[in-house]
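Take a look at the structure below.
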Amino acid sequence: MTPAWKRRLAFTRMGRWYTGLTIAIGLAATNTGNNLLFLVLGLLLASIVVSGILSEQSLKGVRVERRLPAVVTAGQPALIGLLARNGKERAPSFSLEIREARGDVAGRGFLVLLPARQAAEVAYRFLPQRRGVHRFEQIEVATRAPFGLFEKSRPVDAPGELVVFPRQVPAPPSSSGALAREGERPQDRIGLGLEVHSLRDHRAGEDARSIHWKSSARAGRLIGVDREQERRKRVCVMLDQRPLEGEPLERAVELAAALVTRELEHGAEVSLALAGQFLPAASGEAHRHAALRMLALVQPGPGLPSPQPDREASLREVRP
Numbered sequence: 024m025t026p027a028w029k030r031r032l033a034f035t036r037m038g039r040w041y042t043g044l045t046i047a048i049g050l051a052a053t054n055t056g057n058n059l060l061f062l063v064l065g066l067l068l069a070s071i072v073v074s075g076i077l078s079e080q081s082l083k084g085v086r087v088e089r090r091l092p093a094v095v096t097a098g099q100p101a102l103i104g105l106l107a108r109n110g111k112e113r114a115p116s117f118s119l120e121i122r123e124a125r126g127d128v129a130g131r132g133f134l135v136l137l138p139a140r141q142a143a144e145v146a147y148r149f150l151p152q153r154r155g156v157h158r159f160e161q162i163e164v165a166t167r168a169p170f171g172l173f174e175k176s177r178p179v180d181a182p183g184e185l186v187v188f189p190r191q192v193p194a195p196p197s198s199s200g201a202l203a204r205e206g207e208r209p210q211d212r213i214g215l216g217l218e219v220h221s222l223r224d225h226r227a228g229e230d231a232r233s234i235h236w237k238s239s240a241r242a243g244r245l246i247g248v249d250r251e252q253e254r255r256k257r258v259c260v261m262l263d264q265r266p267l268e269g270e271p272l273e274r275a276v277e278l279a280a281a282l283v284t285r286e287l288e289h290g291a292e293v294s295l296a297l298a299g300q301f302l303p304a305a306s307g308e309a310h311r312h313a314a315l316r317m318l319a320l321v322q323p324g325p326g327l328p329s330p331q332p333d334r335e336a337s338l339r340e341v342r343p
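Those letters in the sequence shown? Residues 24 to 343, per the working numbering, in order.
As structure tokens, then:
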């Protein structure tokens with residue numbers, strides 16, 4: 024863990040020239056004994072001291088945190104927020120640069136002024152080129168105030184992880200035979216649907232929409248109808264990643280992600296079978312994110328058990 028007192032100090036280009044000039048005037052004053060040169064030397068050294076005090080005052084009491092987006096896809100830009108809070112009672116902070124350090128992602132933001140007891144957020148653009156986990160380790164808060172001679176920075180431990188979903192690619196077209204078999208299918212049990220399952224006597228207090236009016240007219244009494252439950256289309260996307268690596272693995276993962284997204288958008292319940300992992304069939308946006316997250320973390324895995332498809336679902340097998 025990085026201690027709160029730790030600082031890093033680096034010369035700026037102007038600071039190197041300023042320091043060189045200070046040393047030169049110091050040598051000249053020592054050799055000549057000129058009081059004016061000693062006075063100038065004192066002013067130069069005093070400005071360095073003042074710069075150190077004011078830069079420390081800008082960094083002191085500043086807390087930072089990172090705000091990660093909920094969904095990030097490879098090849099598509101996203102914004103990562105950096106939130107800074109000034110905990111000092113009265114003193115503002117000036118010229119703050121907030122940047123990522125020692126992680127997989129590089130990014131930075133700049134705040135000209137952060138008033139006392141207030142917060143401000145900056146964001147940087149992140150364009151991931153690969154799927155999978157991107158790790159964050161530290162955030163550096165740096166300032167060159169007030170004279171731009173030195174850059175003083177304070178590292179802050181801020182570990183985090185961001186899972187980037189596979190790159191979006193077009194899904195392969197479905198065959199006409201498969202399309203003819205798709206859709207909701209009736210089941211031999213009572214539920215919500217359109218097909219008639221059975222007729223029975225109407226029960227008191229039951230919804231009038233359950234009355235079968237033609238049968239009631241013929242029987243001379245109220246006849247109720249039970250509808251047949253319909254089962255939504257279920258699809259299992261299966262990917263055996265064991266023999267794949269490199270570019271073929273990436274293409275297979277992207278194709279699997281495209282199939283999952285397409286089937287969910289068409290109203291199906293989708294399950295996902297990988298070598299060593301299985302995601303039960305479900306639908307909705309949360310399920311799509313869970314499936315894409317599983318695919319984002321796929322690695323070649325020799326020795327893993329073979330993927331087992333959902334026996335009740337139609338199969339979409341991914342072939343690179």
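Glycine included, each C-beta is placed from N, C-alpha and C at the ideal position.
Quick one, which of the options has its alpha-carbon nearest residue i's?
{"i": "residue 79", "options": "29, 244, 318 and 245", "result": "29"}
{"i": "residue 149", "options": "133, 106, 97 and 108", "result": "97"}
{"i": "residue 142", "options": "129, 111 and 154", "result": "111"}
{"i": "residue 333", "options": "292, 81 and 177", "result": "292"}
{"i": "residue 170", "options": "305, 224, 49 and 76", "result": "76"}
{"i": "residue 124", "options": "85, 41, 31 and 160", "result": "160"}
{"i": "residue 146", "options": "101, 307 and 95", "result": "101"}
{"i": "residue 318", "options": "240, 289, 61 and 261", "result": "261"}
{"i": "residue 256", "options": "272, 306 and 250", "result": "306"}
{"i": "residue 329", "options": "86, 299, 286 and 70", "result": "299"}
{"i": "residue 175", "options": "74, 50, 61 and 303", "result": "74"}
{"i": "residue 151", "options": "94, 139, 144 and 227", "result": "94"}
{"i": "residue 85", "options": "114, 59, 273 and 70", "result": "114"}
{"i": "residue 70", "options": "99, 49, 130 and 172", "result": "172"}
{"i": "residue 185", "options": "179, 168 and 155", "result": "155"}
{"i": "residue 168", "options": "247, 135, 89 and 277", "result": "135"}
{"i": "residue 90", "options": "227, 144 and 274", "result": "144"}
{"i": "residue 194", "options": "286, 41 and 87", "result": "286"}
Quick one: Cα of residue i to Cα of residue j, how far?
{"i": "residue 52", "j": "residue 44", "result": "12 Å"}
{"i": "residue 297", "j": "residue 264", "result": "7 Å"}
{"i": "residue 92", "j": "residue 72", "result": "42 Å"}
{"i": "residue 242", "j": "residue 284", "result": "50 Å"}
{"i": "residue 177", "j": "residue 128", "result": "18 Å"}
{"i": "residue 294", "j": "residue 158", "result": "28 Å"}
{"i": "residue 315", "j": "residue 235", "result": "46 Å"}
{"i": "residue 39", "j": "residue 310", "result": "57 Å"}
{"i": "residue 32", "j": "residue 26", "result": "16 Å"}
{"i": "residue 289", "j": "residue 196", "result": "13 Å"}
{"i": "residue 36", "j": "residue 153", "result": "36 Å"}
{"i": "residue 63", "j": "residue 34", "result": "21 Å"}
{"i": "residue 258", "j": "residue 237", "result": "38 Å"}
{"i": "residue 222", "j": "residue 245", "result": "10 Å"}
{"i": "residue 126", "j": "residue 183", "result": "9 Å"}
{"i": "residue 402", "j": "residue 301", "result": "Because the chain in this structure spans residues 24 to 343, residue 402 falls outside the shown range and cannot be described."}
{"i": "residue 281", "j": "residue 312", "result": "12 Å"}
{"i": "residue 61", "j": "residue 133", "result": "38 Å"}
{"i": "residue 103", "j": "residue 68", "result": "40 Å"}
{"i": "residue 181", "j": "residue 229", "result": "59 Å"}
{"i": "residue 327", "j": "residue 225", "result": "56 Å"}
{"i": "residue 271", "j": "residue 331", "result": "21 Å"}
{"i": "residue 227", "j": "residue 277", "result": "55 Å"}
{"i": "residue 308", "j": "residue 239", "result": "44 Å"}
In this structure, how does DSSP classify residue i when only helix, strand and coil are distinguished?
{"i": "residue 229", "result": "coil"}
{"i": "residue 320", "result": "coil"}
{"i": "residue 133", "result": "strand"}
{"i": "residue 308", "result": "helix"}
{"i": "residue 58", "result": "helix"}
{"i": "residue 156", "result": "strand"}
{"i": "residue 284", "result": "helix"}
{"i": "residue 122", "result": "strand"}
{"i": "residue 315", "result": "helix"}
{"i": "residue 107", "result": "strand"}
{"i": "residue 223", "result": "strand"}
{"i": "residue 276", "result": "helix"}
{"i": "residue 115", "result": "coil"}
{"i": "residue 270", "result": "helix"}
{"i": "residue 238", "result": "helix"}
{"i": "residue 128", "result": "coil"}
{"i": "residue 295", "result": "strand"}
{"i": "residue 402", "result": "Since the first and last residues shown for the chain are 24 and 343, residue 402 lies out of range."}
{"i": "residue 300", "result": "strand"}
{"i": "residue 257", "result": "strand"}
>> Under 8 Å: do the region 187-195 and the region 54-65 share three or more Cβ pairs, one atom per stretch?
In response: The way I'd put it, the region 187-195 doesn't touch the region 54-65; fewer than three beta-carbon pairs between them come closer than 8 Å.
Counting pairs of beta carbons, one from the region 90-108 and one from the region 153-164, are three or more of them closer than 8 Å?
-> Counting Cβ pairs under 8 Å, three or more are found: they touch.
Do three or more CB pairs link the region 114-127 to the region 81-89 at distances below 8 Å?
Using a Cβ-Cβ distance cut-off of 8 Å, the region 114-127 and the region 81-89 are in contact, since at least three pairs of beta carbons, one from each stretch, lie closer than that value.
Kindly provide the ranges of any alpha helix (DSSP H) runs that are 4 or more residues long and lie completely inside the region 34-93, ordered along the chain. Qualifying alpha helix (DSSP H) stretches, in chain order: 36-55 and 58-82.
*Indicate whether the contact test is met: 3 or more Cβ pairs, each with one atom in the region 260-275 and one in the region 320-332, closer than 8 Å.*
In short, these stretches touch, since the Cβ pair count reaches three.
Where in the region 140-191 do unbroken runs of the beta strand (DSSP E), each at least 3 residues long, occur, reported from the N-terminal end onward?
Taken in chain order, the unbroken stretches of beta strand (DSSP E) that lie wholly in the region 140-191 and span 3 residues or more are 142-149, 155-166 and 173-187.
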